[in-house]
Amino acid sequence: MVGDMTGIFDGARIDASGATGGGNILAGGDKQGGFIFSGGQLLPNSRRTFVGRETELRADAITSGDGGKVVVWSEDYSAFLGLISARGGASGGNGGFVETSSHRLLNASGLVITSAAMGKSGLWLLDPTDMTITTTADAFVTGVNPFIPTASGSVVTWNTLDAALATGNVSVLTTLGFDAGQAGNITIANGFAYNRANTLSLNAANDIVVNGAVSNTGAGGLTLTAGSTGSVAVNQNLTTAGGTIAINAGSGGVSLAAGRTIDAGSGLIAIDAGGGAASFSTGTLQTSNATASAIGVTNASTMTLGNVALSGGGTLGVSHSGAGTQTAATAISGTGGLTKSGAGTLTLSQANTYSGTTTVSAGTLAAGANNVIAGGAVTVSGGTFDMVTFTDTVGAVTLESGSITGSTGVLTGTSYGVQSGSISAILAGAVGLTKTTSGTVTLSGVNTYSGGTTINAGTLSIAN
Numbered sequence: 001m002v003g004d005m006t007g008i009f010d011g012a013r014i015d016a017s018g019a020t021g022g023g024n025i026l027a028g029g030d031k032q033g034g035f036i037f038s039g040g041q042l043l044p045n046s047r048r049t050f051v052g053r054e055t056e057l058r059a060d061a062i063t064s065g066d067g068g069k070v071v072v073w074s075e076d077y078s079a080f081l082g083l084i085s086a087r088g089g090a091s092g093g094n095g096g097f098v099e100t101s102s103h104r105l106l107n108a109s110g111l112v113i114t115s116a117a118m119g120k121s122g123l124w125l126l127d128p129t130d131m132t133i134t135t136t137a138d139a140f141v142t143g144v145n146p147f148i149p150t151a152s153g154s155v156v157t158w159n160t161l162d163a164a165l166a167t168g169n170v171s172v173l174t175t176l177g178f179d180a181g182q183a184g185n186i187t188i189a190n191g192f193a194y195n196r197a198n199t200l201s202l203n204a205a206n207d208i209v210v211n212g213a214v215s216n217t218g219a220g221g222l223t224l225t226a227g228s229t230g231s232v233a234v235n236q237n238l239t240t241a242g243g244t245i246a247i248n249a250g251s252g253g254v255s256l257a258a259g260r261t262i263d264a265g266s267g268l269i270a271i272d273a274g275g276g277a278a279s280f281s282t283g284t285l286q287t288s289n290a291t292a293s294a295i296g297v298t299n300a301s302t303m304t305l306g307n308v309a310l311s312g313g314g315t316l317g318v319s320h321s322g323a324g325t326q327t328a329a330t331a332i333s334g335t336g337g338l339t340k341s342g343a344g345t346l347t348l349s350q351a352n353t354y355s356g357t358t359t360v361s362a363g364t365l366a367a368g369a370n371n372v373i374a375g376g377a378v379t380v381s382g383g384t385f386d387m388v389t390f391t392d393t394v395g396a397v398t399l400e401s402g403s404i405t406g407s408t409g410v411l412t413g414t415s416y417g418v419q420s421g422s423i424s425a426i427l428a429g430a431v432g433l434t435k436t437t438s439g440t441v442t443l444s445g446v447n448t449y450s451g452g453t454t455i456n457a458g459t460l461s462i463a464n
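Residue numbers for the sequence shown follow the numbering used here, beginning at 1 and rising by one.
Have a look at this one:
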């Protein structure tokens, strides 16, 4: 169905359901603005498309097979107020694909169902220029002319998203180039709490701004992805009960406002700063996940890390290859560990209380104060652990490769096991040092450890 203005009005029902799979319903255009091919020619997309409140568009698989495809599209303005269903078959099959989009303005306040009783849920895609997620009721449609919006900017309500997340995943995607007055941003204007197992993905052509707290007590995740030069500003709390929270910024970087928390429950937190700055200096990253990648922060030009709570024994992974500085300015706590990778430098400047292993696999992990390692084991495997001029008391120290440096810095461990590399920091404590494997280790500090020195393999070189 396509015309300059395409309308499906109250009471209308279009059904493309099938016993072994759903069909296609295209109103105003095809997926993401593709043209409809009919009668041997491509038909121009509708300028405006309206789907009324008491309408039904169904592309269900009745018995088996996947749900179909339903698209509501326009070049200028789309309003979707009715029901769209693209369910998987009762005995097998996945949910279908639904898109309600426009190159410019979108008002989406209808109900979308993409569930599958015996398969995977489908996807609902919303794809305007800018998008605001709000709790405010529909303000776009009047009875005068449904093809003329009475408000500016695209909007979807949390209640609409929540209803759709009950049956499938939801993706909000913004684009650029169709309205000079809109930048391709996604703004969460109001907070909302919901309980869903499916994932909400926000994919902006430019920036994402979180001005309302979002909490999902179900198993579903939350993904925020900015454009290549965009930023992600988290100004309110983000919380899940176990779903992954993934933040992917562009070169504009990512920030967490003062006193705010990103808490994934037992899930993962994955943050990619996109080559921009990552600033969490007065916020908190928190998870009880027990895996090696419980919290990951990567690709930051500069980074200021705030409070990190690893209550489940998982690891904070920091990867940085830029020329900027990374600083953990506030405490890292919990039973988890810390892994430093990437060619850059991460400086710990607070007395942390995490009890897991600290691993340096690339770049430099530097002390910015005394006792920044809480007492857990330290393993250097390809990177540099720089004591600078500070002192620290830790658990077992293992040098697999790389270096442990420091001009006057003193490291006190419960044991020293070395394989290859160099140590210029001062090693202290009433313990010994054991050299293993075929590599060479060079000691150049004025060491004060009082235990024995054992060479089981390779070479131990004394440079001082």
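The C-beta atom is built at its ideal place from N, Cα and C for all residues, glycine as well. Every value quoted in this text rests on a predicted model; they were computed, and no experiment measured them.
Alpha helix (DSSP H) segment containing Ala-163, residue limits: Annotation: the continuous alpha helix (DSSP H) that includes Ala-163 extends over 158–165.
Inter-residue spacing [alpha-carbon to alpha-carbon] between Ala-100 and Thr-339: Going by the sequence as given, residue 100 is Thr instead of Ala. If I take the Cα positions, the gap works out to 43 Å.
Assumed close pair Asp-10, Ser-46 - CB separation to whole angstroms, cut-off 8 Å: Actually they do not touch by this definition, with Cβ atoms about 19 Å apart.
Backbone CA spacing between Val-427 and Thr-359 [nearest angstrom]: Residue 427 is actually Leu in this sequence, not Val. Using only the alpha carbons, I get a separation of about 18 Å.
Reference Gly-193; option with closest CA among Val-209, Ile-186, Asp-207 and Thr-160: Here residue 193 turns out to be Ala, not Gly, going by the sequence shown. Closest option to Ala-193, Cα to Cα, is Thr-160.
Length at least 3, wholly inside the stretch 176–212: the beta strand (DSSP E) runs in chain order: As far as the stretch 176–212 is concerned, its whole beta strand (DSSP E) runs of at least 3 residues are 186–188, 192–194, 200–203 and 208–210.
Beta-carbon proximity check, Gly-88 vs Gly-67, cutoff 8 Å: Gly-67 is positioned such that its CB atom lies closer than 8 Å to that of Gly-88.
Met-131 - partner residues in DSSP beta bridges: Note: Met-131 sits in a beta bridge opposite Ile-186.
Pairwise C-alpha distance: Thr-240 and Ser-333: Answer to the nearest angstrom: the Cα atoms are 20 Å apart.
Gly-421 and Ser-403 closer than 8 Å at C-beta: Contact: yes.
Span separating the alpha-carbon of Tyr-469 from that of Leu-285: The requested residue 469 does not occur in the structure, where the chain is confined to residues 1 to 464.
Contacting residues, own chain, Cβ-Cβ under 6 Å from Val-296 (five flanking each side not counted): In the sequence under discussion, the amino acid at residue 296 is Gly, which differs from the Val named in the question. Taking Gly-296 as the centre and dropping the five residues before and after it, the same chain places the C-beta of Ala-270 and Gly-317 closer than 6 Å to its C-beta, in chain order.
Pairwise C-alpha distance: Gly-168 and Gly-96: Gly-96 and Gly-168 have their C-alpha atoms spaced approximately 9 Å apart.
Residue of Gly-283, Asp-272 and Ser-102 minimising C-alpha distance to Asn-299: Distances from the alpha-carbon of Asn-299 to those of Gly-283, Asp-272 and Ser-102 put Asp-272 closest.
Rounded separation between Ser-361 and Thr-347 - CA only: So the two alpha carbons sit approximately 15 Å from each other.
Identity of the residues DSSP links to Ala-61 by a beta bridge: Assignment of beta-bridge partners to Ala-61 by DSSP yields Gly-18.
Buried or exposed (CB count within 10 angstroms, at least 16 for buried), Asp-13: Inspection of the sequence shows that residue 13 is occupied by Arg rather than by Asp. Per the 10 Å Cβ criterion, exposed.
Assumed close pair Ala-396, Gly-413 - CB separation to whole angstroms, cut-off 8 Å: Taking a contact as a CB-CB distance under 8 Å, the pair Ala-396 and Gly-413 counts as one, their CB atoms being some 6 Å apart.
Whole-angstrom C-beta distance between Ser-251 and Thr-229, which should lie under 8 Å: 5 Å between Cβ atoms; contact.
Proximity of Trp-73 and Asp-15 at Cβ, strictly below 8 Å: No, the pair does not count as a contact, with Cβ atoms beyond the cut-off.
CB contact flag (Val-372, Ala-351, <8 Å): Their beta carbons are under 8 Å apart, which means Val-372 touches Ala-351 by this criterion.
Complete runs of the beta strand (DSSP E) confined to the stretch 251–309 [at least 3 residues]: For the stretch 251–309, whole beta strand (DSSP E) runs of length 3 or above, ordered along the chain, are 253–256, 261–263, 269–272, 284–287, 295–298 and 303–305.
Pro-44 classed as buried or exposed, judged by whether at least 16 other C-beta atoms fall within 10 angstroms: With fewer than 16 other Cβ atoms from the protein chains shown falling within 10 Å of its own Cβ, Pro-44 counts as exposed.
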